[in-house]
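Please read the structure below before turning to the comments.
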Amino acid sequence: MSRLVVVSNRVAPIQEGEATAGGLAAGVLDALKQKGGLWFGWSGEVTETSEHKPEHTVGPITLFTIDLSRQDYDEFYRGFANGTLWPVLHYQIGLGRFEWSEFEGYRRVNDRFATALAPLVGSDDLIWVHDYHLLCLADSLRAKGLANRIGLFLHTPFPAPGVFMTIPSHAALIRSMCAYDLLGFQTEIDRTAFIDYLLRHAGGVQTGTEGAVHVFGRTVRTGVYPIGVHVDEVRAQAETPINRRQATRMRANLLERLILSVDRLDYSKGLRRRFAAFERFLADFPAQHGLVTFMQIAPPSRSDIETYQQIRRELEGEAGRINGRFAEVDWVPLRYLNRSFARNVLMPLYAEAQACLVTPLRDGMNLVAKEYVAAQDPEEPGVLILSEFAGAARELDAALLVNPYDEAGMAQAMDKALSMPVEERQERHQAMLKVMRTNSLERWRDRFEADLRAG
Numbered sequence: 009m010s011r012l013v014v015v016s017n018r019v020a021p022i023q024e025g026e027a028t029a030g031g032l033a034a035g036v037l038d039a040l041k042q043k044g045g046l047w048f049g050w051s052g053e054v055t056e057t058s059e060h061k062p063e064h065t066v067g068p069i070t071l072f073t074i075d076l077s078r079q080d081y082d083e084f085y086r087g088f089a090n091g092t093l094w095p096v097l098h099y100q101i102g103l104g105r106f107e108w109s110e111f112e113g114y115r116r117v118n119d120r121f122a123t124a125l126a127p128l129v130g131s132d133d134l135i136w137v138h139d140y141h142l143l144c145l146a147d148s149l150r151a152k153g154l155a156n157r158i159g160l161f162l163h164t165p166f167p168a169p170g171v172f173m174t175i176p177s178h179a180a181l182i183r184s185m186c187a188y189d190l191l192g193f194q195t196e197i198d199r200t201a202f203i204d205y206l207l208r209h210a211g212g213v214q215t216g217t218e219g220a221v222h223v224f225g226r227t228v229r230t231g232v233y234p235i236g237v238h239v240d241e242v243r244a245q246a247e248t249p250i251n252r253r254q255a256t257r258m259r260a261n262l263l264e265r266l267i268l269s270v271d272r273l274d275y276s277k278g279l280r281r282r283f284a285a286f287e288r289f290l291a292d293f294p295a296q297h298g299l300v301t302f303m304q305i306a307p308p309s310r311s312d313i314e315t316y317q318q319i320r321r322e323l324e325g326e327a328g329r330i331n332g333r334f335a336e337v338d339w340v341p342l343r344y345l346n347r348s349f350a351r352n353v354l355m356p357l358y359a360e361a362q363a364c365l366v367t368p369l370r371d372g373m374n375l376v377a378k379e380y381v382a383a384q385d386p387e388e389p390g391v392l393i394l395s396e397f398a399g400a401a402r403e404l405d406a407a408l409l410v411n412p413y414d415e416a417g418m419a420q421a422m423d424k425a426l427s428m429p430v431e432e433r434q435e436r437h438q439a440m441l442k443v444m445r446t447n448s449l450e451r452w453r454d455r456f457e458a459d460l461r462a463g
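The opening residue of the sequence shown carries number 9 in the working numbering; numbering runs sequentially from there.
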């Protein structure tokens, strides 16, 4: 019987009765719980010699993980995946670096995944691979004789060809990506950029089927699958009394209006420009002094990479400087929390906020934007301020859309959000909620799986 085999860089820890955070983990877990299957990936551990972990079964789901050696971790994860691919995929080419040895390490780890995975896969199993860490995995699996249907969903953006081609190994990457049967993207912009590369730079020819390209002797299909959230589940978490207690305590010493942002500490999220925009808001709208608090929650990310350490230092310095400029004895305008909070704390906190700033410089989707909307009280909703360069902006166009490079524009959006009449807030919220219910997490998962099976 055909199984679903999911492959991702990390396998989320799963315990019975424990909620799993994150869009990828939640969507994958739902699919595997319903039909059973295998989830394969890196254990998250770095060992002297990379090794396989014993299988671990939770209900109908079998988890299989492998460790990485220190060399694998440095070249594959810290090196090519996050030092080269991540910045370029997010249009931050000035922050990227490239070493051929790291690219070879990336291919080596993709091949190690394939070597460990191949014996576990049945001939009719469906293989669903996730994200930028594993662009070469299908190519390695094909080399080992697997003829299964294999699909890749890219959670990040895919940049315009001229940007992607700044990676010296771009041609090899594209050829490897075309070993997949189906490539899924968050938005039409991302898919168009990929197809544009195939047609202009790889000798591809469009077929009669929408989104399909004949290239490298095979036909590759593409699709747009915007990832969503469990709308009702998020609202339920926001409303649960036991969850609300901690959010209420956090909120108790704040003033009437709260602007909230929640982001992983990453340069693609536009945090430095967001802090500058809030400073501009305080300077341009002095009537808001003493009435508004901006809370930035930024859990640490990739803390062993120097670029991320530098961002943390800069944000801590900027928060202190802005507060030093504007704070009063009884009012601290900016609260910067460099730590993680559980979802049962975040969801009610979203519901408490009058506005949410989601202003990445570039983002595949950004589920914080969708979770904030889902958490809101429909009778008294807050306002989403959203970067036009987030994938979510393609769906949530009833948000206040801003350019994250325009500090004055973001400052004006904050003032508009805090003064918006309730009727307009309700209208915008209802429009966004309608789209989110249509493009739900379940639909994302089911559409991709059905298209991959259909061939």
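The beta carbon of each residue, even a glycine, is placed where N, CA and C say it ideally should be. It should be emphasised that the depicted structure is a prediction, and the values quoted were computed from it without experimental measurement.
Straight-line Cα distance separating residue 285 from residue 327: 12 Å
Report task. Express the C-alpha separation of residue 16 and residue 419 in angstroms, rounding to a whole number. Result -> 38 Å
- Query: Based on the DSSP output, what are the partners of residue 269 in its beta bridges?
  - Reply: 304
### Query
Whose C-alpha, out of 141, 130, 398, is nearest the C-alpha of residue 155?
130
Exercise for the section: Along the beta strand (DSSP E) that carries residue 53, what are the first and last residues, could you check? Expected result: 45-55
- Report the rounded CA-to-CA distance for residue 27 versus residue 64, giving the unit in angstroms. Legend: pLDDT at residue 27 = 41, less than 50; position of this residue unreliable, no value from coordinates given.
> Mind checking residue 452: buried by the 16 CB within 10 Å criterion, or exposed?
Replying inline: Buried is the call here.
TODO: For residue 252, collect the residues of the same chain with a Cβ closer than 7 Å to its Cβ; drop the 5 residues on either side in sequence, then sort them by chain order.
DONE: The residues 356, in chain order, have a CB closer than 7 Å to that of residue 252 in the same chain once the five nearest residues on each side in sequence are set aside.
Exercise. Thinking C-alpha only, which one of 97, 61, 12, 83 is nearest residue 372?
Worked result: 97
**Prompt:** Are the Cβ atoms of residue 53 and residue 75 separated by less than 7 Å?
**Reply:** yes
**Request:** Would you be able to state if there are at least three C-beta pairs under 8 Å between the stretch 285-304 and the stretch 98-106?
**Result:** no
Alpha carbon to alpha carbon, how far is residue 354 from residue 401? Residue 354 and residue 401 have their C-alpha atoms spaced approximately 22 Å apart.
### Task
Figure out for me which residue from 249, 122, 333, 449 has the closest Cα to the Cα of residue 352.
249
query: Can you check whether the CB of residue 433 is closer than 7 Å to the CB of residue 391?
result: yes
Can you tell me which of the three DSSP states residue 66 falls into? strand
Grab me the residues of residue 126's own chain with a C-beta within less than 7 Å of its C-beta, minus the 5 sequence neighbours each way, in chain order.
Only 149, 152, 154 meet the Cβ criterion.
Buried or exposed: which applies to residue 337, given that a residue is buried once 16 or more other Cβ atoms fall within 10 Å of its Cβ?
exposed
Rounded distance between the beta-carbons of residue 210 and residue 182, thought under 8 Å = 6 Å
- With burial defined as no fewer than 16 other Cβ atoms inside 10 Å of the residue's Cβ, what is the status of residue 365: buried or exposed? Buried.
Exercise for the section: Starting from the C-beta of residue 128, find all residues in its chain whose C-beta is less than 8 Å away, skip the five residues before and the five after it, and write them out in chain order. Expected result: 13, 46, 48, 72
Cβ contact check for the stretch 442-458 and the stretch 316-323: 3 or more pairs under 8 Å:
No, because fewer than three Cβ pairs between the stretch 442-458 and the stretch 316-323 fall closer than 8 Å, the two stretches do not touch.
Check your understanding: Count the other CB atoms within 10 Å of the CB of residue 146; is the residue buried (16 or more) or exposed (fewer)?
Key -> buried
Practice problem: Specify the secondary structure class of residue 217 as computed by DSSP and reduced to three states. | Solution: coil
**Asked** So who's on the other strand from residue 464, going by DSSP bridges?
**Response** The first residue shown for the chain is 9 and the last is 463, placing residue 464 beyond what the model contains.
- Task: Note down, in chain order, each residue of its chain lying with its Cβ closer than 7 Å to the Cβ of residue 447, except the 5 sequence neighbours on either side.
- Result: 234, 236, 403
Hey, residue 143 and residue 77: beta-carbon distance below 7 Å or not? No, the Cβ-Cβ distance between residue 143 and residue 77 is not below 7 Å.
Next item on the list: Indicate the three-state DSSP secondary structure (helix, strand or coil) for residue 222 in the structure shown.
Entry: If DSSP states are grouped into helix, strand and coil, residue 222 belongs with the strands.
Same chain only: Cβ atoms within 7 Å of residue 39, ignoring 5 sequence neighbours per side: 12, 453, 457
Limits of the unbroken alpha helix (DSSP H) element including residue 339: Unbroken run through residue 339: none, as it is neither H nor E.
Close-in-space but distant-in-sequence residues of the same chain around residue 158 (CB under 7 Å, 5 per side omitted): 135, 137, 146, 149, 188, 189
Among residues of its own chain, excluding the 5 on either side of residue 2, which ones have a beta-carbon nearer than 6 Å to its beta-carbon? As displayed, the chain neither begins before 9 nor continues past 463, which places residue 2 out of reach and without an answer.
* In the structure shown, what three-state DSSP assignment does residue 446 receive? -> helix
According to DSSP, residue 391 sits in a beta bridge with which residue or residues?
Note: residue 391 sits in a beta bridge opposite 363.
**Prompt:** Cβ atoms of residue 274 and residue 309: under 7 Å apart, would you say?
**Reply:** yes
When 407, 101, 296 are compared against residue 435, the one with the closest alpha-carbon
407
| query | Excluding five sequence neighbours on each side, which residues of the same chain lie with their C-beta closer than 7 Å to the C-beta of residue 25? | reply | Bear in mind that a pLDDT of 38 at residue 25, under 50, signals an unreliable position, so the number given afterwards is only what the model happens to contain. Annotation for residue 25: no residue places its beta carbon closer than 7 Å to its own, counting only its chain and skipping 5 residues before and after.
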